[in-house]
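Written out below as structure tokens is the structure these notes cover.
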Amino acid sequence: MRILSAGLFYIFCDEKPLDLNGRRRLITGYIVVPQDSWNRLGPERRELKEPKNLPRLKRVQTLLENTDGVALIAYADLKRELLQKGERDGTDDIPDMSRSDNAWSATMAYGLAALFGWLKKNGLCVQTADLYHDMRILKTEHCDALRRVVTQTLPEIIRETERQSFSFCEFQPKVRRFKYVGKPHDDVMPDKFQAGVNVAHHLLQNVRDFINQPQRGPIHVQNISVEVIRFLENFQAGFLPTIEER
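With the first letter of the sequence shown counted as 1, position 201 gets the number 590 in this note's numbering; the numbers rise by one all the way through.
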């Protein structure tokens with residue numbers, strides 16, 4: 390088992406919604422790689438252009454193996470009633486946001502908690518990371534609140550989910566940065582952060598197969614429906630449950 394506990398790590402994230410029978414599946418994919426390993430890769434490898442004799446998904450798996458990286462796909466299956474079109478939510482620090490944006494940010498936060506919890510459970514203790522994710526247009530207040538959750542209160546969410554799923558352990562991961570990454574312009578080589586988010590994007594292109602066969606080498610799948618549904622069902626306009634109340 391690889392012990393990913395020293396140094397700094399990148400987490401690259403993308404999301405993908407799917408429509409199912411009467412449900413909406415919200416999916417987030419996370420690529421976790423040591424920063425030194427990622428920075429040493431040439432652009433052809435980071436952009437999944439090599440090895441040329443392998444299909445794209447196998448290139449993702451090979452990239453993870455060559456960089457001592459891992460990946461997690463987290464998904465939440467939500468009933469349509471929880472995502473009524475036009476529904477608005479609000480809190481003291483986010484006066485107004487769409488229900489879909491609220492659900493997306495909850496999926497992001499609980500997905501990260503699942504990621505760190507899974508890493509810890511398997512002895513892969515990533516303690517400090519910089520997170521870069523695909524662009525999503527949020528109001529400034531919502532964006533700031535989500536950044537605070539990810540960079541400041543994530544350990545509390547991890548401990549909450551651990552108490553409900555597997556043995557409690559002291560774990561204080563630190564996400565130093567939480568940044569949006571825009572897509573590169575046409576005919577412009579992506580930078581290393583855009584390339585990383587693109588790897589997460591390609592990971593999710595085969596997400597149906599992964600969920601049906603959830604363990605493939607360094608890639609893990611986790612269902613976070615219970616956590617996200619509980620959060621949304623308890624959510625009332627103008628009131629965001631605290632960690633203890635969720």
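C-beta: ideal position from N, C-alpha, C; glycine also.
- Inter-segment contact for the stretch 402-421 and the stretch 582-602 is present: three or more beta-carbon pairs are separated by less than 8 Å.
- For GLN611, the enclosing beta strand (DSSP E) starts and ends at 608-612.
- The DSSP assignment places 445-456 as complete runs of the alpha helix (DSSP H) inside the stretch 443-497, in order along the chain (cut-off: 4 residues).
- Under the three-pair Cβ rule at 8 Å, the stretch 483-493 does not count as touching the stretch 446-462.
- Counted as a single uninterrupted DSSP element, the alpha helix (DSSP H) harbouring HIS591 occupies residues 581-593.
- Spanning the alpha carbons of PHE620 and ASN511 requires a straight line of approximately 26 Å.
- Around GLY411, the same chain offers LYS468, ARG469 as residues with beta carbons nearer than 8 Å, after the five sequence neighbours per side are excluded.
- ILE600 sits in a helix when the DSSP states are folded into three classes.
- According to the DSSP assignment, HIS522 belongs to the beta strand (DSSP E) that extends over 517-523.
- A residue is called buried once 16 or more other Cβ atoms fall within 10 Å of its Cβ, and ARG445, having fewer, is exposed.
- With respect to TYR464, ILE613 sits close: the two C-beta atoms are nearer than 8 Å.
- Listed as beta-bridge partners of CYS402 by DSSP are TYR419, HIS522.
- Remark: C-beta atoms of ILE608 and GLN473 do not approach each other more closely than 8 Å.
- Residues of the same chain with a CB within less than 8 Å of the CB of LEU593, apart from the 5 flanking positions on each side, are ASP403, GLU404, LYS405, ILE416, GLY418, ILE462 in chain order.
- Straight across, the Cα-Cα distance linking ARG477 with MET486 is about 6 Å.
- Under the 8 Å Cβ criterion, the stretch 565-572 counts as touching the stretch 516-535, having at least three qualifying pairs.
- Rounded to whole angstroms, the separation of the alpha carbons of HIS522 and HIS591 is 13 Å.
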